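Take a look at the structure set out below.
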Amino acid sequence: MKIVGIGVLVLGCAFGVFYVLQPEEAVRFAARPGFLWRIQSDQSCEGCHRNIDPGMDKQWRESAHFQANVGCADCHGENHETVFAVRGQVSAGMCGKCHAEEVEAFAESGHADAELAALSDARFLAQSRAMQEEGCMGCHSIGARFADGSVGGCNTCHPSHEFSAALAREPEACAVCHGGPDHPVMEAYKTSIHGVLYYADRDAEKSPSCVTCHMPNGDHGHVANIGLGAVFTGAVLEEDFLPHLAMKRLTKEEFEANRNAMLQVCAPCHSNRFSRESLERADAIKREADALVAESYAVIKALYDEGALDPMPEDRPANPVVGHVFE
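Using my numbering, the letters of the sequence shown correspond one by one to residues 206 to 532.
This is the structure in structure tokens:
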């Protein structure tokens with residue numbers, strides 16, 4: 206009778222679990238024993254890599270993929286030759302089989318253009334293959350384009366085999382690419398009141414991290430319309446025409462649409478007046494700096510036209526990237 210009672214209890218618990226789980230979760234729960242049995246085999250991908258890549262195996266076993274019965278072959282396939290040919294890379298299209306909304310939103314973001322931006326840049330083309338891959342593509346591969354037509358190096362922000370969404374939300378994940386002397390965005394954030402407050406207690410509900418403002422809707426189409434952008438790059442309003450400065454020109458309507466969208470992002474913490482005035486001050490600083498750059502350029506260009514530069518640019522060694530160019 207005791208054995209029967211235990212059997213009834215176990216069966217009741219099983220039915221209880223299935224009752225509280227969603228349908229897809231119930232399917233995973235039912236398949237769990239077989240999944241755990243399969244990955245223990247030394248002949249499985251997981252069994253082999255458990256011995257030769259223990260760190261990778263640990264990352265995966267602590268991931269949401271492991272909890273959802275997603276194993277090596279589900280993402281990499283079972284053909285070793287194919288896996289080796291692409292150096293283990295998994296396309297965004299493969300990720301999209303389970304994360305379709307995220308992949309679609311990412312394809313519309315600025316991040317999706319990162320690889321194309323590098324491939325069309327003379328500075329990138331002038332580098333050695335090793336420098337291109339180890340240096341530039343360490344970040345620009347976030348916009349990787351795959352043979353299946355998909356776009357996105359998902360593991361750029363979700364690194365290792367843990368693929369943690371929580372890690373991708375931390376500022377350090379963004380700092381990998383958005384930091385350093387040529388684009389000190391992370392340094393600016395850390396020393397801003399936003400960064401100081403966040404790092405004091407790392408409570409994203411009280412203080413903003415990168416994703417609070419740049420991914421306010423929780424999707425992968427990040428916001429990048431805080432202002433007019435960087436000095437000598439970025440954008441200018443059509444009415445603020447500056448000759449010789451190759452910047453994107455915005456209509457007043459385009460600018461206002463971007464600004465209003467940004468004000469909505471600031472609204473949970475700041476009044477409309479405070480946010481608008483702060484952003485307008487940033488715009489004013491950029492305009493002043495752009496005007497100085499334009500004035501300096503005009504002086505140098507006039508001296509060049511008169512042949513008064515000594516030595517003249519064409520008499521100097523060529524720029525190793527773009528050659529003799531004066532625009």
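For glycine and all other residues, C-beta sits at the position ideal for the given N, C-alpha and C. Every value quoted in this text rests on a predicted model; they were computed, and no experiment measured them.
query	result
Taking D387 as the reference, give the member of R243, R292 and V436 with the closest Cα.	V436
So the beta strand (DSSP E) V441 belongs to, where does it begin and stop?	A440 to L442
Could you pull the DSSP bridge partners for L455 from this structure?	L442
Thinking C-beta only, is A499 closer than 9 angstroms to H419?	no
Please return the same chain residues whose Cβ sits closer than 8 angstroms to the Cβ of G293, not counting the five positions on each side in sequence.	H281
For K506, name the three-state secondary structure that DSSP assigns.	helix
Let me check one thing: in DSSP terms, what residues is V356 bridge-paired to?	R350
Give the list of continuous alpha helix (DSSP H) stretches no shorter than 4 residues that lie fully inside the stretch 396-437.	398-406 and 415-419
Using alpha carbons as the reference points, say which of H425, C379 and Q337 lies closest to S414.	C379
Which stretch, first to last residue, makes up the alpha helix (DSSP H) that contains R521?	R521 -> no alpha helix (DSSP H), and no H or E assigned at all.
Please name the residue, chosen from G343, I398, S397 and Y404, that lies closest to V381 on a Cα-to-Cα basis.	G343
Specify the secondary structure class of R478 as computed by DSSP and reduced to three states.	helix
Would H366 be called buried (16 or more neighbouring beta carbons within 10 Å of its own) or exposed?	buried
Ignore the nearest five residues each way along the sequence and tell me which others in R481's own chain have a CB closer than 6 angstroms to its CB.	none
Look at the Cβ atom of H425, then the Cβ atom of H316, and state whether they are nearer than 9 angstroms.	yes
Considering only residues of the same chain and omitting the five flanking positions on each side of E307, which have a CB-CB separation below 6 angstroms?	H425
Indicate whether A349 and A297 have their beta-carbon atoms separated by less than 9 angstroms.	yes
Cβ of D495 within 9 angstroms of Cβ of D445?	yes
Keeping to the same chain, check which residues put their C-beta closer than 6 angstroms to that of S268; ignore five residues upstream and five downstream.	E367 and F368
Nearest by alpha-carbon distance to A323: which of A310, S333 and Q337 is it?	Q337
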